[in-house]
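Visitor: The structure that follows is given in the form of structure tokens.
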Amino acid sequence: MPQHIVVTGARENNLQDVTVRIPKGRLTVFTGVSGSGKSSVVFDTIAVESQRQLNETFTWFIRNRLPKYERPHADALEDLTPAIVVDQRPIGGHSRSTVGTMTDIHSVLRVLYSRCSTPSAGPATAYSFNDPSGMCEHCDGLGRTVRPDYDRIIDPTKSLADGAIAFPPFRPGTFHGQTYVNSPDLDPHKPVGAFTESERAFLMRGRGAKVRVTGSTFEVENDYEGVADRFDRLYLKRDLAALSQKTRDLVEQYLAEGECPSCHGARLNTAALAGRIAGLSIADCSRMEVTDLIPALSAVDDPVGGPIAAAAVTALERIRAIGLGYLSLDRPTQSLSGGEGQRLKMVRHLGSSLTGMTYIFDEPSIGLHPRDVGRLNDLLLRLRDKGNTVLVVEHDADVIAVADHVVDMGPGAGADGGRIVFEGTPQELRRADTPTGRCLRRRGGTKDVCRTPTGGLWVKNVSLHNLKDVSVEFPTGVLTAVTGVAGSGKSTLVSEAFTEAHPQAVVVDQSTIGISARSTPATYLGIMDSMRKLFARVTGTSPGLFSFNSGGACGGCKGRGIIHSDLAFMDPVTTTCPDCAGRRFKDEVLELRVEGHSIADVLDLTADQALAFFGALEDSTVGSLASAPRRQLSALRDVGLTYLTLGQPLSTLSGGERQRIKLATRLHRTGAVYVLDEPTTGLHMADVDGLVALLDRLVDDGNTVIVVEHNLDVIRRADRVVDLGPEGGKHGGEVIFTGTPAELLGAEGSFTAQHLRELVGGATASSGSPRPRSVVSR
1 MPQHIVVTGA RENNLQDVTV RIPKGRLTVF TGVSGSGKSS VVFDTIAVES QRQLNETFTW
61 FIRNRLPKYE RPHADALEDL TPAIVVDQRP IGGHSRSTVG TMTDIHSVLR VLYSRCSTPS
121 AGPATAYSFN DPSGMCEHCD GLGRTVRPDY DRIIDPTKSL ADGAIAFPPF RPGTFHGQTY
181 VNSPDLDPHK PVGAFTESER AFLMRGRGAK VRVTGSTFEV ENDYEGVADR FDRLYLKRDL
241 AALSQKTRDL VEQYLAEGEC PSCHGARLNT AALAGRIAGL SIADCSRMEV TDLIPALSAV
301 DDPVGGPIAA AAVTALERIR AIGLGYLSLD RPTQSLSGGE GQRLKMVRHL GSSLTGMTYI
361 FDEPSIGLHP RDVGRLNDLL LRLRDKGNTV LVVEHDADVI AVADHVVDMG PGAGADGGRI
421 VFEGTPQELR RADTPTGRCL RRRGGTKDVC RTPTGGLWVK NVSLHNLKDV SVEFPTGVLT
481 AVTGVAGSGK STLVSEAFTE AHPQAVVVDQ STIGISARST PATYLGIMDS MRKLFARVTG
541 TSPGLFSFNS GGACGGCKGR GIIHSDLAFM DPVTTTCPDC AGRRFKDEVL ELRVEGHSIA
601 DVLDLTADQA LAFFGALEDS TVGSLASAPR RQLSALRDVG LTYLTLGQPL STLSGGERQR
661 IKLATRLHRT GAVYVLDEPT TGLHMADVDG LVALLDRLVD DGNTVIVVEH NLDVIRRADR
721 VVDLGPEGGK HGGEVIFTGT PAELLGAEGS FTAQHLRELV GGATASSGSP RPRSVVSR
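Per UniProt numbering, residue 1 is the first one in the sequence shown, and the count goes up by one each step.
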């Protein structure tokens, strides 16, 4: 039996004729700086070809309904095994998606309650909040209701004539507003707060005589309709997607979301909630943390229900084993962090009895505290030990350390990468002269001199989610790292409580950037608009002529540069457009030049080269138009992406590159408060150095920077640390430390402190070490 997966002559994206032999039945980690070609080998070549060939085993009828994969650019791929891909994409999910539905544990509970609860509501679907027979009639199984906030819509201190109805479309003078001001049944000059109960009821829900309404060109008699009835009809009882974005944004300002008053957030109807097993309803089970639910279900000894409960317990044990025991089954998947989502994806595969598979993971350590990375490693090794091949694209040193085999890509990114610079064991990699090897060897201490805060921004008495009446001051004018294990309350404190208390903060979260087939760095950063105006000014033509989405687009490919042929049940084929040779524009547009460059030539420039191109124009007659793209390109330089070409499709960027290009669009203010949620996501250890240098420049320019972060290199180089914990879920939600990184080394009861001491060489607090600062956390 072949012992290796063999890739010969791979040329996807920036790969430069890569040939590699990957051992089967082993854990292989692919490393390298962001953009070096790791994902191009693992996902765009191996995973795509494995899935493409697997699809070929199905009938034409089935293949026509499966995702279609184009044959990767490689000379040969041999001895592949079926691939299961666990990528970086967040779980997301709609408002009905929960931990219980995602892991299928809720389905097991529904069967359990349909067979064993007293009284029984009926079949398993009667316990589903996604089925009409089980969902709460009042909220349609969502657990929450959206209603108009009449405290915002109506000001009781004013009369109708003076603008008591604050909702703009209903204000005096508007078509609808005249209905209330001119109604003969209401006094328009009486404060609404002084209305009698019957007058108030008529204002909100009344129906009455015709009311005269006038406009600039008409005068009609309009039927009276109460404020509440009209608001519901126009804005709540219709498809909001049919409204303009401007109208939706306006309406949302006058809405309040709250717990459903009928089911109190349980999502189910009365019959489903009435059923009990050992005194617990199915909603009670869903609200319990996994750690508490396991013993509750283990106690079920009914001859019928026992085996069903045991199946649920087995799945719950897997969730607890990967450090997510603090989650509850009713937790919406939209609220999960990136690390929590990654681990829940892995849970779905641990119960599989399949062997001989290839499991492919894209940076599974994202969002994990160093304490939790050990649990992740256990999962990866368990999958390997079941007889599978495990391929991991990863930057974390602790994950690299447990690999059987390492493939290091590089040496640089983009055109400077795409080659294999090392193959061997983790121990050999530490001695290698590659960026990864050098980073693994280095040691560093905490910051010697920390900046002095210029002030403070308080968050007080927060009890949101698992936070326990937390109050904490975030210092201004410094770099603060907010740390703690997964589920300790970091994101709740910073991304929710802090940003609500300080809405002026500039937030850069983990959400992915919008990507289409036409998205490029030039379009995403807004450089393309400046380029079009510049070319139009110099050539005396229209700006629309220099858009590959408009008048200048090649007719053959409609400005895409490629032609994608869908061959029904056969593999799709993508070819370079023969009319424009992939340049996207018409020939007559390409003949128009600025300083010898066509618009396509400029799009082929790297950000570094484009800076020089626009810089040479700053002293010309179009200097003002050249300065804007230089500012935008400087942002790319700040985040270390000068090797990207302006016209490179965003779909070809790695996760780390996408994270940094999003960062480049936000870092342009002085005196601002920046909140960054795990900005090191997707970054190699060498790239983290550049990120920290960027954060330092932001602070030195007069900004305040707060990062939610697990990366110890960022934490040790911060000015202040706010550590939450000590654990996740109900065992977390407290601020257990505030102070400098050096002070954190002496803190007890902190997992962050424990791992920071290991990083800096086992440093421990001496008798003379400063004690952690006192902090108000309750």
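Every residue gets a Cβ at the ideal spot worked out from N, C-alpha and C, and that includes glycine. As the structure is a computational prediction, the values presented were derived from the model and not from experiment.
For D433, is the classification buried or exposed, using 16 other Cβ atoms within 10 angstroms of its Cβ as the cut-off for buried?
Guide: exposed
Visitor: Assuming L744 and V707 form a contact by the criterion Cβ under 8 angstroms, report the distance between their Cβ atoms to the nearest whole angstrom.
Guide: Not really, about 15 angstroms apart at Cβ, beyond 8 angstroms.
Visitor: Buried or exposed: where does D104 fall if 16 or more other Cβ atoms within 10 Å of its Cβ makes it buried?
Guide: exposed
Visitor: Under the assumption that L429 contacts G418 (Cβ atoms under 8 angstroms), give the Cβ distance between them as a whole number of angstroms.
Guide: The pair is not a contact, with the Cβ atoms about 19 angstroms apart (cut-off 8 angstroms).
Visitor: Verify whether the separation of the beta carbon atoms of G265 and G487 is less than 7 angstroms.
Guide: no
Visitor: In chain order, which continuous runs of the alpha helix (DSSP H) of length 4 or greater are located wholly inside the region 694-750?
Guide: 712-716, 741-744
Visitor: Return the chain-ordered list of same chain residues with a C-beta closer than 7 angstroms to the C-beta of I165, the five sequence neighbours on each side being excluded.
Guide: The residues I153, I154, R171, G177, Y180, V227, in chain order, have a CB closer than 7 angstroms to that of I165 in the same chain once the five nearest residues on each side in sequence are set aside.
Visitor: Report the three-state DSSP secondary structure of V146 (helix, strand or coil).
Guide: strand
Visitor: Using only the alpha-carbon positions, how far apart do M204 and A272 sit?
Guide: 35 angstroms
Visitor: In this structure, what does DSSP give as the bridge partners for Y127?
Guide: Per DSSP, Y127 has no beta bridge partner at all.
Visitor: For R419, which of helix, strand or coil comes out of DSSP?
Guide: strand
Visitor: Compute the Euclidean distance between the alpha carbons of C263 and V146, then round it to the nearest angstrom.
Guide: 14 angstroms
Visitor: Could you spell out where the beta strand (DSSP E) holding V402 opens and where it closes?
Guide: Looking at the DSSP string, V402 is not in any beta strand (DSSP E), and its letter there is neither H nor E.
Visitor: How is G208 classed by DSSP in three states: helix, strand or coil?
Guide: strand
Visitor: In three-state terms, what does DSSP make of E259?
Guide: strand
Visitor: My guess is that residue 780 and F498 are in contact by the Cβ rule of under 8 angstroms, so how many angstroms apart are they, rounded?
Guide: The requested residue 780 does not occur in the structure, where the chain is confined to residues 1 to 778.
Visitor: If you compare alpha carbons, which of D619, P629, A121 is closest to L268?
Guide: A121
Visitor: What is the residue span of the beta strand (DSSP E) that Y224 lies within?
Guide: First-last of the beta strand (DSSP E) with Y224: 219-225.
Visitor: Let me check understanding here. Comparing Cα to Cα, which of T480, E197, D79 lies closest to R716?
Guide: T480
Visitor: Alpha carbons only, please: which of V507, I5, G552, G561 is nearest the one belonging to S519?
Guide: Selected option, being the one with the closest Cα: G561.
Visitor: At which residues does the beta strand (DSSP E) containing V85 begin and terminate?
Guide: Note, V85: beta strand (DSSP E), 83-86.
Visitor: State the CB to CB distance for the pair P148 and L255, rounded to an integer number of angstroms; the pair is presumed to be in contact (CB under 8 angstroms).
Guide: Taking a contact as a CB-CB distance under 8 angstroms, the pair P148 and L255 counts as one, their CB atoms being some 6 angstroms apart.
Visitor: Checking the sheet assignment: what are the DSSP bridge partners for I22?
Guide: Looking at the DSSP assignment, I22 forms a beta bridge with I5.
Visitor: Just to confirm before moving on: does the CB-CB distance between E78 and V6 stay below 7 angstroms?
Guide: With respect to the 7 angstroms criterion, E78 and V6 are classified as neighbours on the basis of their beta carbons.
Visitor: Please state whether DSSP places D229 in a helix, a strand or coil.
Guide: helix
Visitor: Tell me whether S766 is buried or exposed, calling it buried when 16 or more other Cβ atoms sit within 10 Å of its Cβ.
Guide: Note on S766: pLDDT 33, under 50, position unreliable in the model; the coordinate value appears next. Exposed: under 16 other Cβ atoms inside 10 Å.
Visitor: Taking the alpha-carbon positions, what's the D87 to D362 distance?
Guide: About 5 angstroms.
Visitor: Per DSSP, what kind of secondary structure is A10 in: helix, strand or coil?
Guide: A10: strand per DSSP, three-state reduction.
Visitor: At the level of alpha carbons, what is the spacing between R666 and V506?
Guide: 8 angstroms
Visitor: For D44, which residues from the same chain have a beta carbon less than 8 angstroms from its beta carbon, with the 5 sequence-adjacent residues on both sides left out?
Guide: E12, N13, P72
Visitor: So for D301, helix, strand or coil by DSSP?
Guide: D301: coil per DSSP, three-state reduction.
Visitor: By Cβ distance, which residues of its chain are closer than 6 angstroms to S624, with the 5 residues on each side in sequence left out?
Guide: none
Visitor: Can you list, in chain order, the residues of its chain whose CB lies under 8 angstroms from that of G762, leaving out five sequence neighbours each side?
Guide: Here G762 scores only 46 on pLDDT, less than 50, and its place in the model is too uncertain to base an answer on.
Visitor: With distance defined between alpha-carbon atoms, name the residue in K246, E252, T539 nearest to L236.
Guide: E252
Visitor: Determine the extent of the alpha helix (DSSP H) in which F167 is found, giving its start and end residues.
Guide: F167 -> no alpha helix (DSSP H), and no H or E assigned at all.
Visitor: Would G305 and L112 be called neighbours here (beta carbons separated by less than 7 angstroms)?
Guide: yes
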